[in-house]
Amino acid sequence: MATGDMRISQAVITNCSETKRVHLMACEVDHDGEAQVSDYFDPTVRDEGTSSGVQNGESALSASFRGRGLKGCVLNIPTGYSGFVMKEGRRPITDEEDRLMKATHKFSQFTYWNLETPTSNNDAIVKAMQWINIASALHGAEVDNENATPENIR
Numbered sequence: 353m354a355t356g357d358m359r360i361s362q363a364v365i366t367n368c369s370e371t372k373r374v375h376l377m378a379c380e381v382d383h384d385g386e387a388q389v390s391d392y393f394d395p396t397v398r399d400e401g402t403s404s405g406v407q408n409g410e411s412a413l414s415a416s417f418r419g420r421g422l423k424g425c426v427l428n429i430p431t432g433y434s435g436f437v438m439k440e441g442r443r444p445i446t447d448e449e450d451r452l453m454k455a456t457h458k459f460s461q462f463t464y465w466n467l468e469t470p471t472s473n474n475d476a477i478v479k480a481m482q483w484i485n486i487a488s489a490l491h492g493a494e495v496d497n498e499n500a501t502p503e504n505i506r
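According to the working numbering, the sequence shown is numbered sequentially starting from 353.
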């Protein structure tokens, strides 16, 4: 069983650039190394109209990847939080070694894709995004959304 910790460089988090192009796809790519993702995945997204599912009123999107149909939507990161694209520096040789992660980009929303199935409120990632707001309402004091930070939401 692994005993190494995962460490995240705080200095890099405060200085990373914002990106608008973050996609979360439910697939596994059997490759372990660098890849020119923008050369191979630059989806032509079609707006399928509004959805009654995920975030009511959001556009339902469709695209394809390697000939397979994708259905998606844009999800916002909850108020007071930020998303980060992380990159591992040197891979540890053993499970006991610490892993060092560095943030390469920051994001406030991302496009979530399902394989051929429309996204819904029952999808695990959608529930995770919703749970942050539910948990703060249940366990925290009333939050001023304009001045919300992770520290005062908890």
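Yeah, the Cβ is synthetic: ideal placement off N, Cα and C, and Gly gets one too.
Apart from sequence neighbours up to five positions away, the residues of its chain that approach N466 with a beta-carbon distance below 8 angstroms are A378, L422, K423, G424, D475, ordered along the chain. Ranked by how close their Cα comes to the Cα of T469, the residues I360, T371, Q388, L413 have L413 in first place. In terms of CA proximity to F459, K372 leads the group R359, K372, T366.
Under the three-pair Cβ rule at 8 angstroms, the region 429 to 447 counts as touching the region 476 to 486. An exposed status is given to A480, since fewer than 16 other beta-carbon atoms sit within 10 Å of its beta-carbon. DSSP places A378 outside both helix and strand once states are collapsed to three, so it counts as coil. Per the coordinates, the alpha-carbon of D357 lies some 9 angstroms from the alpha-carbon of L452. Annotated three-state conformation of A387 is coil, per DSSP. Shown here, T446 sits in coil according to DSSP, grouped into three states, outside any helix or strand.
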